[in-house]
Amino acid sequence: MTIFTAIHLLFCGAATAVKAGQRIADVLRQGQVGAMVDLRGWVRSKREGKTHAFLDLNDGSGLAGIQVVLTRPDFDGQLLALTVGTAVAIAGELVASQGKEQTVEVQAQAVTVIGPADAETYPLQKKRHSFEFLRTIAHLRARTNTFGAVLRVRNACAQAIHQFFQERGFLWVHTPIISTSDCEGAGEMFAVTTLDPRKAAAPASQPDFFGKPAFLTVSGQLEAEALALALSNVYTFGPTFRAENSNTARHLAEFWMVEPEMAFCDLQGDADLAEAFLKYVFTQVLHRCAEDMAFFQSRIDPNVLANAEKIIHESFARIAYTEAIELLHRSGRSFQYPVEWGLDLQSEHERFLAEEHFGKPVIVMDYPAQIKAFYMRLNDDCPPERQTVRAMDVLAPGIGEIIGGSQREERLDVLTSRMQACGLDPEVYWWYLDLRRFGSVPHAGFGLGFDRLVQFITGMGNIRDVIPFPRTPLNAEF
RNA sequence: UCCUCGGUAGCUCAGUGGUAGAGCGGUCGGCUGUUAACCGAUUGGUCGUAGGUUCGAAUCCUACCCGGGGAGCCA
Numbered sequence: 000m001t002i003f004t005a006i007h008l009l010f011c012g013a014a015t016a017v018k019a020g021q022r023i024a025d026v027l028r029q030g031q032v033g034a035m036v037d038l039r040g041w042v043r044s045k046r047e048g049k050t051h052a053f054l055d056l057n058d059g060s061g062l063a064g065i066q067v068v069l070t071r072p073d074f075d076g077q078l079l080a081l082t083v084g085t086a087v088a089i090a091g092e093l094v095a096s097q098g099k100e101q102t103v104e105v106q107a108q109a110v111t112v113i114g115p116a117d118a119e120t121y122p123l124q125k126k127r128h129s130f131e132f133l134r135t136i137a138h139l140r141a142r143t144n145t146f147g148a149v150l151r152v153r154n155a156c157a158q159a160i161h162q163f164f165q166e167r168g169f170l171w172v173h174t175p176i177i178s179t180s181d182c183e184g185a186g187e188m189f190a191v192t193t194l195d196p197r198k199a200a201a202p203a204s205q206p207d208f209f210g211k212p213a214f215l216t217v218s219g220q221l222e223a224e225a226l227a228l229a230l231s232n233v234y235t236f237g238p239t240f241r242a243e244n245s246n247t248a249r250h251l252a253e254f255w256m257v258e259p260e261m262a263f264c265d266l267q268g269d270a271d272l273a274e275a276f277l278k279y280v281f282t283q284v285l286h287r288c289a290e291d292m293a294f295f296q297s298r299i300d301p302n303v304l305a306n307a308e309k310i311i312h313e314s315f316a317r318i319a320y321t322e323a324i325e326l327l328h329r330s331g332r333s334f335q336y337p338v339e340w341g342l343d344l345q346s347e348h349e350r351f352l353a354e355e356h357f358g359k360p361v362i363v364m365d366y367p368a369q370i371k372a373f374y375m376r377l378n379d380d381c382p383p384e385r386q387t388v389r390a391m392d393v394l395a396p397g398i399g400e401i402i403g404g405s406q407r408e409e410r411l412d413v414l415t416s417r418m419q420a421c422g423l424d425p426e427v428y429w430w431y432l433d434l435r436r437f438g439s440v441p442h443a444g445f446g447l448g449f450d451r452l453v454q455f456i457t458g459m460g461n462i463r464d465v466i467p468f469p470r471t472p473l474n475a476e477f
């Protein structure tokens with residue numbers, strides 16, 4: 000069946016099925032007892048009694064479904080078909096509930112099965128399922144309480160991010176998904192080609208689509224810098240791809256990243272923005288998704304609300320890398336990995352700082368140049384053996400690095416020699432260097448893993464459970 | 001990629017050399033304005049895959065596949 004045929008059937012063949020009904024969340028919030036309601040949704044559970052049967056109906060508009068009361072024997076002929084997962088339309092009257100778990104319910108007058116679901120083979124039960132199992136049925140897991148809540152919070156996060164930047168005059172810019180600079184320094188990339196990989200090695204005479212190797216982007220930062228040096232304040236928000244063989248609860252091969260970039264801005268301004276940003280997003284999500292957040296608090300992680308309050312109300316700790324090293328030394332703790340100036344902080348060190356020592360987000364700044372990217376601005380007045388760059392990482396309790404940013408090197412000569420020291424060919428980056436030749440200004444920005452942010456807010460333990468259809472090594476079924 | 005734990009009914013798991021089990025789910029019946037409903041009966045298996053050891057393997061050995069947790073890389 001073509002899509003056109005399907006749409007045609009939807010609108011012409013089953014008009015009653017697509018007539019706009021009311022959203023359950025609206026009815027629960029604003030419905031007047033005695034009003035007639037017209038609801039569409041999926042049956043979450045059915046309980047049958049001698050005189051009445053009860054349905055929990057959910058349409059995704061909120062965590063809570065609405066209870067539908069079916070008086071027997073009026074609906075006896077339909078009860079068998081109203082299994083878990085069935086799509087139904089319910090017409091009836093909103094009445095005060097005699098039950099204890101809800102204030103209102105729908106006294107059904109007409110029930111229409113729109114799409115049946117075979118109880119023998121429908122994979123979702125009324126009982127709780129493990130997240131591991133639900134990942135194998137990602138096309139159905141949005142119908143569960145947890146994933147409905149995750150997706151509503153994810154939506155609220157995205158909306159809050161746009162609102163935050165838009166209120167501050169940042170332009171949302173669209174940087175390319177396909178990139179031909181294969182050495183942005185962020186690890187393995189996915190190749191993009193029109194050459195048939197099933198054929199033997201392509202003849203050298205056959206050019207690929209772009210005439211040079213192309214890849215899926217690992218970051219929109221370099222392009223965002225170009226746009227910031229014209230528009231002052233910009234941000235990207237889009238998909239990002241890393242082909243690393245990472246198998247952890249914090250990594251995806253395809254994820255969403257937010258990258259603000261500000262002209263006329265230094266590292267302090269960058270850190271200030273990162274902190275204000277997180278406070279804003281948490282405030283918005285707590286306000287807009289109170290019910291879902293209460294669910295995460297009670298069913299997923301009993302610390303999510305306390306953590307959110309800390310983000311919103313406490314100022315983030317700020318510490319220089321060099322101080323952090325000294326602090327780790329003084330802690331008296333024995334770590335598995337060495338703590339030494341010039342070595343990167345390991346997960347265990349970051350966790351100690353964010354979770355134990357400070358108990359709130361920490362911004363670590365001014366890292367050694369040797370462990371950071373070429374584009375980060377060299378600090379002045381450093382002893383040569385202790386050269387640092389204006390980098391900052393925001394470390395969040397339970398998540399680790401959620402934001403990584405820096406002030407960018409705006410001086411042409413310094414940037415060129417840094418690239419050469421890092422083994423990069425300045426010729427390849429000619430346009431990036433042009434930005435320093437013409438009207439260069441101090442500028443800064445950061446990258447935020449959107450999915451990690453959702454993970455952080457919801458308390459979900461695995462990043463694969465905060466994105467609808469996760470892509471990870473050996474997993475792209477849906 | 002490394003370390004580690006695991007893969008047995010639709011789901012969650014027990015079974016560690018001798019006839020494959022429980023709870024939940026599904027189905028049928030009963031009961032009840034129910035709400036993780038309850039009570040009874042019933043249904044349900046290529047024990048991840050392929051080899052090997054053994055009279056006999058879910059169980060022991062080898063290889064591989066897949067999943068969880070941790071680490072590295074990072075966002």
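Residue numbers (numbering that gives the first Met the number 0): 0 to 477. Glycine is no exception: its CB is placed at the ideal position from the N, C-alpha and C atoms. Since the structure is predicted, the reported quantities are computational estimates derived from the model, not experimental observations.
If you ignore the 5 residues before and after I318, its C-beta comes within less than 8 Å of the C-beta of L326, L352, V361, I362, V363 and M364, all in its own chain and listed in chain order.
Exclusion of the five residues before and after A86 leaves W41, I113 and G114 as the residues of its chain whose Cβ lies within less than 7 Å of its Cβ. Note on geometry: alpha-carbon atoms of F146 and G458 lie some 13 Å from one another. In terms of CA proximity to V465, R451 leads the group T471, A475, L473 and R451. The C-alpha of K278 lies about 6 Å from the C-alpha of I310. Between T235 and V172, the CB-CB gap stays under 7 Å. CA-CA distance, H51 to T102, rounds to 18 Å. The DSSP assignment places complete alpha helix (DSSP H) segments of no fewer than 4 residues inside the region 328-413 at 346-350, in order along the chain. Beta-bridge partners assigned by DSSP to M256: G237 and G448.
Y431 is the residue among A63, F263 and Y431 whose C-alpha sits nearest the C-alpha of L414. Looking at the DSSP output, Q21 sits in a beta bridge with L38. Rounded to whole angstroms, T321 and H128 show a C-alpha spacing of 46 Å. Put simply, of S44, V83 and A95 the residue whose alpha carbon is nearest the alpha carbon of V32 is A95. The region 20-40 makes no contact with the region 116-124; the number of CB pairs closer than 8 Å stays below 3. Contact between P259 and F445 holds, since their C-beta atoms are separated by about 6 Å, short of 8 Å.
Counting along the chain, L272 sits inside the alpha helix (DSSP H) bounded by residues L266 to R287.
Taking a cut-off of 8 Å on C-beta distances, the region 104-113 touches the region 49-69, as three or more cross pairs fall below it. With 16 or more neighbouring CB atoms inside 10 Å of its own CB, L228 falls in the buried class. The distance from the Cβ of R376 to that of V393 is about 18 Å, inconsistent with a contact at the 8 Å cut-off. Straight-line spacing of the CA atoms in R46 and A90 works out to 19 Å.
For G91, there is no enclosing alpha helix (DSSP H); the enclosing beta strand (DSSP E) covers residues A86 to A95. H138 sits in coil when the DSSP states are folded into three classes, being neither helix nor strand. With contacts defined as CB atoms closer than 7 Å, V257 and V152 fail to qualify as a contacting pair. Here the C-alpha atom of L194 lies approximately 49 Å from the C-alpha atom of R298. Your pair T179 and F209 checks out as a contact, with CB atoms roughly 6 Å apart and the cut at 8 Å. Out of L27, A148 and Q335, the CA that lies nearest to the CA of L93 is found in L27. When DSSP states are grouped into helix, strand and coil, F130 belongs to the helix group. Residues of the same chain with a CB within less than 7 Å of the CB of Q296, apart from the 5 flanking positions on each side, are V303 and L304 in chain order. Counting the other Cβ atoms within 10 Å of the Cβ of P396 gives 16 or more, which makes it buried. In this structure, the CA atom of R435 is about 10 Å from the CA atom of P441. One Cα belongs to D75, the other to T111, and the distance between them is close to 13 Å. Here DSSP, grouped into helix, strand and coil, assigns S314 to coil. Following the DSSP letters along the chain, one finds H161 inside the alpha helix (DSSP H) bounded by residues N144 to E166. When C-alpha distances from Y366 are compared across F132, F276, Q386 and T174, the shortest belongs to Q386. Of the candidates I401, I398, Q406 and Y374, Y374 places its Cα closest to the Cα of D412.
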